[in-house]
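Undergrad: This is the structure I want to talk about, given as structure tokens.
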Amino acid sequence: MRKVVFILILLFIFKMPAQVNAYCFEYAGQMYGIHPNLLWSIAKVESGFNPSAINYNSNGSYDYGLMQINSSWYKVLGKELWNSLSDPCTNVCVGAWILSQCIQKHGYTWEAVGCYNSSNKNKKVKYANKVYAALVKGRLYAAK
Numbered sequence: 053m054r055k056v057v058f059i060l061i062l063l064f065i066f067k068m069p070a071q072v073n074a075y076c077f078e079y080a081g082q083m084y085g086i087h088p089n090l091l092w093s094i095a096k097v098e099s100g101f102n103p104s105a106i107n108y109n110s111n112g113s114y115d116y117g118l119m120q121i122n123s124s125w126y127k128v129l130g131k132e133l134w135n136s137l138s139d140p141c142t143n144v145c146v147g148a149w150i151l152s153q154c155i156q157k158h159g160y161t162w163e164a165v166g167c168y169n170s171s172n173k174n175k176k177v178k179y180a181n182k183v184y185a186a187l188v189k190g191r192l193y194a195a196k
């Protein structure tokens, strides 16, 4: 919970711009020790970089924004931070924080990447493969 408060304080101190840019991924990556390209790849897989994306899940929850933050995080994040998720940079920072929770549990592994999306082992593997493919594709574009 202290980390969520810390995120909220930092976001209000730095007042990041509404449009998403590379800085958002760099900033969030630096804050949580996650490579920005990994965060970028997750955003690509989750929303196709659509900051307004909403996905309704079969279990009644929904995912919102660039990093598709699941509504199950509402209570942890609190109303104020949840309502800030429409800002792409805030969404990336919260997504990075969620991924950091998975990394604490599983180490800096593909299992942690899969954990970002699901607790189901098969879904974790499938998701991690999608993120890996986006990461490789992003590197290929960057090399051109």
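When you line the sequence shown up against our numbering, it's residues 53 to 196, in that order. Here a beta-carbon is modelled for each residue, glycine too, at the ideal position from N, C-alpha and C.
What are the boundary residues of the alpha helix (DSSP H) that Tyr79 is part of?
TA: Its alpha helix (DSSP H) spans residues 74-84.
Undergrad: Taking Ser136 as the reference, give the member of Met83, Lys157, Ser104 with the closest Cα.
TA: Cα-wise, what sits closest to Ser136 is Ser104.
Undergrad: Quick test of your reading: Gly117 and Ser138, contact by CB under 8 Å. State the CB separation rounded to the nearest angstrom.
TA: 7 Å
Undergrad: From Lys178 to Gly166, what does the alpha carbon distance come to, in whole angstroms?
TA: 8 Å
Undergrad: Below 8 Å, can you find three or more Cβ-Cβ pairs linking the segment 106-122 to the segment 175-190?
TA: Verdict: no, contact absent.
Undergrad: Under a three-way DSSP split, which group does Tyr160 fall into?
TA: coil
Undergrad: For Ile150, does the count of other Cβ atoms within 10 angstroms reach 16, so buried, or fall short, so exposed?
TA: The residue in question, Ile150, is buried, as its Cβ has 16 or more Cβ neighbours within 10 Å.
Undergrad: Going by beta-carbon coordinates alone, are Met185 and Ala80 separated by less than 7 Å?
TA: The displayed chain sequence assigns Ala, not Met, to residue 185. In this structure, Ala185 keeps its C-beta atom at 7 Å or more from the C-beta atom of Ala80.
Undergrad: Secondary structure at Tyr168, three-state DSSP: helix, strand or coil?
TA: It is coil, neither helix nor strand.
Undergrad: Do you know offhand how far Ala195's Cα is from Lys189's?
TA: Summary for Ala195: the model assigns pLDDT 47, below 50, so the residue's position carries little reliability; its value from the coordinates is reported in the next sentence. Approximately 10 Å, taken between the alpha carbons.
Undergrad: Nearest-angstrom Cα distance between Glu98 and Lys131?
TA: 23 Å
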